[in-house]
Structure formats: structure tokens, C-alpha cells
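Down below is the structure, laid out as C-alpha cells.
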Amino acid sequence: MKISEIVMATNNPNKLREAQEIFAPLGITVISQKEAGAIVEPEENGRTFAENALIKAHAVYDLLKCPVLADDSGLCVDALRGAPGVHSARYAPKGQECRKLLHAMQNVPEEQRTAKFVTVVAFLDVDGREILCEGVCPGAIGFAESGTNGFGYDPIFLYQGKSFAEFSSEEKNAVSHRGEALQKLYKILKERNLSYHADK
Ligand code: IMP
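Letter by letter, the sequence shown follows residues 13 to 212 of our numbering.
Right, here's the structure in full:
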């Protein structure tokens, strides 16, 4: 079936906007779970990004039985052996995550401050069939916060010398972990919608 609308299992307006911008050229509208009337907040108790993305997608799909998109993402810091990883959202109270991470990294020299953002996107089609796509964005942790755009760890995540909070949303979409995972899904859904037209 041709996909024209996807419900995104998130209440995060930044994530929603990123997905809306990416799928607009396909004629696919992305709406939030709240707009679709799905009021759920499942416990993200998976051990991997993929497990958590599927938990969120299934929670909304079970209510609406329509195409659903969910993502789970986080920041993996090499000097902290991959932490905060899947625990990124719960690492510190909202708004304090950068300060806490900078403190944990205060004695780590520049060359050991490598990190990556990871996203796994889970898509369920109207029949509940799963597609998983991963995106990775390598970078480093800065020594101070800079920039005012974005959210979460953006002010301390350096990508090619600039923090993600200094990127516009279009610039970030073009290189980010979520952008990469969503672009992979975009390609798969584009093929599907094209083959739907070909079948007609
Ligand atoms: P979740 O994917 O909504 O479970 O959230 C993971 C957490 O990782 C978020 O609360 C943010 O703190 C962080 N995070 C995920 N993606 C980004 C990003 O693009 N920029 C900054 N922080 C992010």
C-alpha cells in the first residue's frame, strides 16, 4: 500500500521536524503520536537502540495500526566505554546532561575525546512489518558548551570543528546520525511507493 502518512512515536518536536523535512519530498506527511491521539509512553528498557526503537514503535502501532516511525538514539563516548549510550536520555535531568558529561570528561585529553551519535530508526508498515535502519555520526566532545540550536548534547558534540548546536537544522540533518538513518529509510520507502505506482 502506498504510504502517505506516518505517525512518529515521539513527543520531541525537534525529532518530528527532522523527519518531516526528510519525508516531505516523498509526499509523506509525518505527524506526532499526540496529533494521532496515541497517548503512550512505554518504558524504554531495551538493551540496544534497536530494541528501544521497536518498543516505542510497537506501543503506538498497537493503538493505531497504521504506519509508525520511532527512533532511539544516544551519544556513545569512547573514554566512558560507550556511555551514556542507551541511557543518554536518563543520564542527567533535562538541561543538565552537557554539564554532567563535561564534568565526567574533565581530565580526558583532546585526542581521547572521540564520540559518536547513534540512531536506530524502526518503521512498522500498516501490516506491522518491521524495517530497521541505523545511522552513525562520528565526532568528539568539546571542552565547553557552544551554540544555541538543537537539543540534548548538541552544544558539546563537535563535528568538523563546530558544535552541533552551531549548525542550522538543515546542516545537521545532512550529516547527523538521525539524518542518516532516516535517509536510509527514505530510500526504502521511496522504492516501495514507486513499485506501488508500477503495480497500478
Ligand atoms: P531518545 O532517542 O529520545 O531515547 O533520546 C536519547 C537522548 O540522546 C536524548 O534525550 C538526547 O539527550 C540525546 N540525543 C539523541 N539525539 C541527539 C541529537 O541529535 N542531539 C543531541 N542529543 C541527542
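Glycine included, each C-beta is placed from N, C-alpha and C at the ideal position.
{"Item": "Give the range of the beta strand (DSSP E) segment to which P129 is assigned.", "Value": "Per the sequence shown, residue 129 should be read as Phe rather than Pro. From DSSP, the beta strand (DSSP E) with F129 extends over 126 to 136."}
{"Item": "In whole angstroms, give me the CA-to-CA distance for V80 and N26.", "Value": "17 Å"}
{"Item": "Can you tell me whether A101 sits near the ligand IMP, meaning its C-beta is under 7 Å from at least one heavy atom of the ligand?", "Value": "yes"}
{"Item": "Verify the contact flag: S188, CB atom, against every heavy atom of the ligand IMP, threshold strictly below 7 Å.", "Value": "yes"}
{"Item": "At a cut-off of 7 Å, would you count Y263 as near the ligand IMP, judging by its Cβ distance to the nearest heavy atom?", "Value": "For the chain, the structure presents residues 13 to 212; residue 263 sits outside this window and is missing."}
{"Item": "Do V52 and V72 have their C-beta atoms closer together than 8 Å?", "Value": "yes"}
{"Item": "Going by DSSP in three states, C110 sits in which element: helix, strand or coil?", "Value": "helix"}
{"Item": "Any chance you could list the beta strand (DSSP E) runs of at least 3 consecutive residues sitting entirely within the stretch 34 to 104, in chain order?", "Value": "41 to 44, 80 to 89"}
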